[in-house]
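One structure is given here, and the rest of the page talks about it.
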Amino acid sequence: MSETIFAKIARGEVPADILYEDADVVAFRDVSPQAPTHVLVIPRKPLATLNDALPEDAELLGKLLLAAAKVAAAEGIAESGYRTVINCNAGAGQTVFHLHVHLLGGRPLQWPPG
Ligand code: AMP
């Protein structure tokens, strides 16, 4: 896959408001927040989309969700509620082709989404 800005954020080459990071994942605030809390959780491994994840990535995918839950707790939205979203490919609205989980919360969220 071609290099994305998220890969550069993961390497510390582009600034971001990082809330959590470990050896496998990085979480940072979305520059165009759609809710009071809008955080992106990415793997350091540059998977373009969820379609590119392999069986060997199963643990990594779990780590993304666990990191999202950890950030949600730190943001104080674990109990009020939050949503995690993975947009896969253009038809679902994916614009940055480095796998990421959106963590959204801090306001009522409608269901179903548009
Ligand atoms: P998606 O449409 O699912 O690919 O989501 C991409 C998200 O990345 C959008 O919500 C953008 O606002 C966000 N975004 C793009 N560039 C940056 C950046 N440099 N730092 C933080 N968020 C970004």
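Sequential numbering from 962 applies to the sequence shown in the working numbering. Note that beta-carbon positions come from the ideal geometry of N, C-alpha and C, so glycine has one too. Here the structure is a predicted model, which means the values were calculated and not measured.
Should residue i be counted as a contact of the ligand AMP given a C-beta to heavy atom distance under 8 angstroms?
| i | result |
| --- | --- |
| Ser1041 | no |
| Asn1048 | yes |
| Leu1056 | As written in the sequence, residue 1056 is Thr, which differs from the Leu given in the question. Yes, since a heavy atom of the ligand AMP falls inside the 8 angstroms radius drawn around the Cβ of Thr1056. |
| Ser963 | no |
| Arg1044 | no |
| Leu1001 | yes |
| Arg990 | yes |
| Val975 | yes |
| Gln1071 | no |
| Ile966 | yes |
Cα separation between residue i and residue j?
| i | j | result |
| --- | --- | --- |
| Ala1019 | Thr1045 | 17 angstroms |
| His1063 | Glu974 | 21 angstroms |
| Asp991 | Thr1010 | 18 angstroms |
| Leu980 | Asn1050 | 26 angstroms |
| Ala1053 | Asp1013 | 16 angstroms |
In terms of alpha-carbon separation, which member of the options lies closest to residue i?
| i | options | result |
| --- | --- | --- |
| Val1057 | Ile1047, Gly1066, Leu1064 | Ile1047 |
| Ile1038 | Leu1015, His1063, Thr1010, Gly1067 | Gly1067 |
| Arg1005 | Glu1036, Gly1052, Ile970, Asp1013 | Ile970 |
| Pro1007 | Arg972, Gly1054, Pro1074 | Arg972 |
| Trp1072 | Leu1060, Gly1054, Ala1053, Tyr1043 | Tyr1043 |
| Leu1070 | Ile979, Ala996, Ala1014, Leu1015 | Ala996 |
So, helix, strand or coil for residue i, using DSSP?
| i | result |
| --- | --- |
| Phe989 | strand |
**Prompt:** Any contact of the segment 993-1003 with the segment 1027-1044, i.e. 3+ C-beta pairs under 8 angstroms?
**Reply:** yes
**Asked** Are the segment 1020-1027 and the segment 980-997 in contact at 8 angstroms, needing three or more beta carbon pairs?
**Response** yes
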